[in-house]
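Reviewing the structure listed below.
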Amino acid sequence: MRKHYRTERPGLQPDEHVDHPGSGWWIGSNELQPGDAGELAIGTGSDVHTVDIIDSALGWSTSLGIGPGVGNYTWTVVSDGNGQLLNVPVQQATVNRTLICDDIDQVTINTLAANIPRCYKTDRDGNVIFPTNFQQQQRLQQLLARLGLTGFPNAAAVNADVTDNCGFIEVCVTDVMTTAGDCGDMTLVRTFSAKDKQDGDYNAPNNTACAGLPNTASCQQVITVRKAVNTDIAYPPFTQFLECDEQFPVDANGNPHPSITGYPYVETAFGFHDLNDSYCNLAASYFDYPRAVNCESGYKFRREWTIFNWCAPSGSRIWNQLIKVGDFSGPEITCNFPDNNWDGQPDVISTGPYDCTATFQVPAPIISDNCSDWTWSAQIVTDLVVPVLNQYGQQVGTTIQTVIVSNFPGPYGPNSTLPVASNIPPGNHRVRYTATDDCDNTTTVECPFTVKDLVEPIAVCDDDLHISIGGQGYAQVLASDIDEGSWDNCGDIRIEVSRLVEEDADCNAIPPYDTPWDDKVEFNCCDVHDVVTIRLQVWDDADKDGLFGAWHGNPDNNGDGQPDIDLDDNSNICWLDVLVEDKLKPVCTAPHNVTVDCDDLPYNFPNQVTIADTAQLQDLFDDAIGYDNCPGWSVKELAPISNLHDCGYGTIIRRWSVTDQWGNVSSNTCQQIITVLEVHNYEIKFPKDAAAVCGDPNPDTIETYELVATCWP
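Right, dumping it as structure tokens:
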């Protein structure tokens, strides 16, 4: 922000320029940025007075050195705009002045209007008594104000008192002026005549109770007014600078008029007198030498003033003034980052899709200059927190350090190709623009911008996924099973899965819904032969705060019982349709093997068993049992293998298979072996006992007879 510094003299408006026509006041101005310190110079002619300026966060701090011979004045600081800065301290000073030339007209009471009284009344102690009539009071105050310039007898005066031992006093004043030729001093003899025995009334006749004639006393004051001398002259500033875009008045030669560059002038006790016309015994004229052109729209020349003193012709002198019209202000810079959402802030710049840095075209700032062309350069800067180490290498704190991330020295003009910034990391940065005009004035402005990771992570799903129901009728798929290389350009990711559900636990159709996000999804027998949609969601941690968006596994730092959510992070989703299958074959369990005698079988039991005899076999020897991971299997008995002898004994091999509802057939051996045994019945005839005496006995032979069983119908 540029500051202009101006002074105020009594009667001037706060925003009136210091170079008031003919004032002779001059002021040195520089441009201060917030936080800068500088020195402001003001002066009259060759007298210089300095003001220290410190711009702090709370306001402007000033100190003013008041030099001799500058009269009553105040100064203030005003902005380039329409407002005046507040809380700027003002210092006032009163100085003594020699009366010069027509100052006598400001001192004498002879120039007062005829209706202004020439007398005033006091009490016995010299305190002035004012009339009760308001208009009379005002007229009396005009007299006292004129007398007060040089002093008059009253109770408050120093060495000019008036007193009486009894009552009221009336004091009357007369002025007599004499001159000593055209170049001599003018003398004003002022006589104060006092008389007592007065009352305090200005209107009615004197009705004091004191008898006799008043006692009188008088005194004189001699006021000398001299002609102007060369030392009374204040000269315009030796160097005067004017901005080329100022609408200043010019003289007949087209050069800046002295009303803006300054006249020689005389400061008296009652004001400033420019020497544009003769003043008293002084006069001045000037001559401008040819211009010398410097930079664009600028030139400078020497103005030679000749000062004439008619009362001391040999004292006439020459005063040179250098006047420069040019470009002394740096260009104005306005930030020009896009604001497409109209929120008053620059749009956030995103990192690239394949790395964690941003690449973008540096926008050209909006630049204007009051007088000349311009170019600009730029730097991208950022603030880093760096550790502060002690002499032992131990960290004792941190500090902020500004570093240059990218540099674009240019120079760039209005039609230049804009530079491209690359490898700018996420964070808050600033583009530091420096604009330089053709007169080498520079302005630097920093425009903030932010780089964020606005790129969603890449979600990659395995599109060749096969899901088969397990032995308990369920299947579980992890998020990691579905992920096939998901990643993020800026760091770690977190993944979660969900599935579409269209049937209830009894396999009845219901309105579809998605399961909550989790690290796994489950399937059951109701999903077999259905195409189920599975979604994989991928979260990043764009702002590096440890949270991953709305990932179900975020910590619960706020204690609300739910995972915390970070809305600044990004996510992406991929999905796939999977066919859920049941590839498990059912299991068959056959009845135990059986051994029976042929005569234990029913009379109508066939000699050769076929598939037609399945029902009789199931009644006699039980049936096989099936099992599958999902409901809906069926047990089927196959044609038996009959190995019976014609006599009805031998083996029968029964076989079964189990088929589930999806057509899977049991692969295990499922059979029952029935063994049918022969039955044999015997009759044994034993011989009678035999005996012999002295000879061999002759017993009967043992006889056997087999009764063959009949085991078929």
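Its first residue numbered 5, the sequence shown is counted upward by one per residue in this note's numbering. Ideal Cβ placement from N, Cα and C applies to all residues, glycine included.
Query: Collapsed DSSP secondary structure at Glu-35 in the structure displayed; Result: Residue placement at Glu-35 is poorly supported in this model, since its pLDDT is 38, which falls under 50; the coordinates still yield a value, given next. Reduced to three states, the DSSP call for Glu-35 is coil.
Query: Euclidean distance between Cα positions of Asp-203 and Thr-228; Result: 35 Å
Query: Touch test, the region 671-683 against the region 579-597, Cβ-Cβ under 8 Å, three pairs minimum; Result: yes
Query: Helix, strand or coil at Phe-274 according to DSSP, with G and I counted as helix; Result: coil
Query: Opening and closing residue of the alpha helix (DSSP H) in which Pro-262 lies; Result: 262-265
Query: Supposed contact pair Val-542 and Ile-499 - C-beta distance, whole angstroms, cut 8 Å; Result: 5 Å
Query: Rounded straight-line distance, which links the Cα of His-533 to that of His-649; Result: 50 Å
Query: Proximity of Leu-388 and Gln-365 at Cβ, strictly below 7 Å; Result: no
Query: Beta-bridge pairing of Asp-522 - partner residues as DSSP gives them; Result: Val-501
Query: Short Cβ contact (7 Å threshold) for Tyr-574 with Ala-546; Result: According to the sequence shown, residue 574 is Asn rather than Tyr. In this structure, Ala-546 lies closer than 7 Å to Asn-574 by Cβ.
Query: Arg-321 in three-state terms, based on DSSP; Result: strand
Query: The region 321-337 / the region 223-243 touching (three or more Cβ pairs under 8 Å); Result: yes
Query: Cβ distance (whole Å) where Thr-705 is taken to contact Ile-678 below 8 Å; Result: That belief does not hold up - the Cβ atoms of Thr-705 and Ile-678 are roughly 42 Å apart, past 8 Å.
Query: Integer-rounded CB distance, given that Asp-544 should sit under 8 Å from Pro-461; Result: 5 Å
Query: Which listed residue (Ile-657, Ile-120 and Pro-701) has its alpha carbon closest to that of Val-598; Result: Ile-657
Query: Contact the region 427-446 vs the region 367-380: 3+ CB pairs below 8 Å; Result: yes
Query: Identity of the residue in Asp-531, Ser-484, Ala-513 and Phe-552 nearest Asp-523 by Cα; Result: Ser-484
Query: Contact check, Val-455 vs Ala-382, beta carbons under 7 Å; Result: no
Query: Length at least 4, wholly inside the region 140-185: the alpha helix (DSSP H) runs in chain order; Result: none
Query: For Asp-603, the three-state DSSP class (helix, strand or coil); Result: helix
Query: Beta carbon of Arg-306 nearer than 7 Å to that of Tyr-290; Result: no
Query: Given Asn-3 as reference, the closest of Leu-540, Val-193, Arg-436 and Thr-446 once Cα atoms are compared; Result: With the chain covering only 5 through 717, there is no way to say anything about residue 3.
Query: Val-55 (DSSP reduced to helix, strand or coil); Result: Only weak support is given to the placement of Val-55: the predicted model assigns it a pLDDT of 41, under 50, and the value that follows is read from those uncertain coordinates. DSSP places Val-55 in strand when its eight states are reduced to three.
Query: 7 Å Cβ cutoff met for Cys-123 and Cys-176; Result: yes
Query: Three-pair Cβ contact test at 8 Å for the region 298-317 versus the region 326-340; Result: yes
Query: Whole-angstrom distance between Leu-286 and Val-254, CA atom to CA atom; Result: 24 Å
Query: Cβ pair count under 8 Å reaching 3, the region 101-108 against the region 135-146; Result: no
Query: DSSP three-state assignment for Leu-621, whether helix, strand or coil; Result: helix
Query: Top-ranked residue by Cα proximity to Ala-161, from Cys-170, Leu-151, Arg-230 and Gln-622; Result: Leu-151
Query: Ala-483 in three-state terms, based on DSSP; Result: helix
Query: Spatial neighbours of Ile-569 in its chain, beta-carbon cut-off 8 Å, leaving aside the 5 residues before and after; Result: Leu-551, Gly-553, Ala-554 and Asn-558
Query: Cα-Cα separation, Tyr-517 to Asp-586; Result: 23 Å
Query: Reference Cys-578, options Leu-540, Asp-572 and Leu-571, closest by Cα; Result: Leu-540
Query: Local Cβ density within 10 Å of Pro-268, reported as buried at 16 or more and exposed below that; Result: buried
Query: Alpha-carbon spacing of Pro-703 relative to Asp-601, whole angstroms; Result: 38 Å
Query: Close-in-space but distant-in-sequence residues of the same chain around His-277 (CB under 7 Å, 5 per side omitted); Result: Tyr-269, Val-270 and Tyr-283
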